[in-house]
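Remember, our numbering sits 179 above the position in the sequence shown when you count from 1.
Quick reminder that beta carbons are idealized off the backbone N, C-alpha and C, glycines included.
Bear in mind the structure is a predicted one, so any value in this text is a computation, not a measurement.
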Amino acid sequence: MTKKLLFATNNAHKLSEVQAVLGDTYTLITPRACGVTEEIPETQPTLEGNASQKSHYLYTRTQIDCFADDTGLEVEALGGAPGVHSARYATNGHDFAANNRLLLKNLAGKTNRRARFRTVISLIEGGEEHLFEGIVEGHIIEQEIGSEGFGYDPLFVPDGFDKTFAEMTADEKNSVSHRGRAVRKLVDYLHNREK
Ligand code: IMP
């Protein structure tokens, strides 16, 4: 029988990426489906802090076991920016195109284009918190390529590939991505705990 797990996102892309890694054992439900329609606050200075803030907020509101993730793109030549500010790098909203333009502008003329995506997941289960991290190393190319995925995907080439995340199928991206890695750690934890 599939079990329900509340995931602190209303982003359809993320939802389907994470559901694909979880498989049939768990069905993800959204905050909206549990009556939480307001934006969940994420005001902390770190990915860990934000993931934790979001999962605690949701657990307090619903008393349902849940998890939240926070992701940042950390670019070496920019001192780790945009990092925790990845969603609102260029504007106050989630304007992916503007974020990508600003990233390219800030990297113009730089030879070091190393970058990594880092995801932190905070799971709250029975009132206890567990953290999981996933990292993928790669580099930023000079212009957008590909139309799959979202966010910085058209600019990010993971190590070991010669194409961007935006040129990959969802399965291919999940097999190496920051979020895929963090979610697999979450799944391993959930499965082992049930043994
Ligand atoms: P969030 O914390 O997962 O919402 O991610 C913050 C921001 O990082 C998003 O608004 C995107 O700009 C970017 N981001 C997160 N995950 C990905 C990804 O898998 N590919 C590309 N960009 C991402």
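Proximal residues to residue i (C-beta, below 6 Å), its chain only, five neighbours per side dropped
i: Y238; result: C245 and I303
i: R360; result: G313
i: D338; result: E316 and G317
i: A269; result: A277, N278 and L281
i: Y331; result: L252
Outcome for residue i when other beta-carbon atoms lying within 10 angstroms are tallied against a minimum of 16
i: P220; result: exposed
i: Q232; result: buried
i: S195; result: exposed
i: P261; result: buried
i: A287; result: exposed
i: N353; result: buried
DSSP three-state assignment for residue i, whether helix, strand or coil
i: V299; result: strand
i: H192; result: helix
i: V362; result: helix
i: F340; result: coil
i: T250; result: strand
i: E346; result: helix
i: K183; result: strand
i: A294; result: strand
i: V315; result: strand
i: T206; result: strand
i: F329; result: coil
Heavy atom of ligand 1 within 7 Å of residue i beta-carbon
i: A269; result: no
i: Y376; result: The requested residue 376 does not occur in the structure, where the chain is confined to residues 180 to 374.
i: T250; result: yes
i: A260; result: no
i: S354; result: no
i: F340; result: no
i: A266; result: yes
i: H370; result: no
i: R293; result: no
Sequence-distant residues of its chain with Cβ nearer than 7 Å to residue i (five each side left out)
i: F329; result: H192 and F275
i: V336; result: G317, H318, I320, K342 and T343
i: H357; result: T250, F296, R297, T298, G313, I314 and V315
i: E323; result: N279, P333 and L334
Contacts around residue i, its chain only, beta-carbon distance under 8 Å, and the 5 residues preceding and following it disregarded
i: H370; result: T204
Is the segment 244-259 touching the segment 292-301, taking contact as three or more C-beta pairs under 8 Å?
-> Because the criterion of three Cβ pairs below 8 Å is met, the segment 244-259 and the segment 292-301 touch.
Should the segment 209-224 be called in touch with the segment 180-196, which here means at least 3 C-beta pairs below 8 Å?
-> Put simply, the segment 209-224 touches the segment 180-196. At least three CB pairs are less than 8 Å apart.
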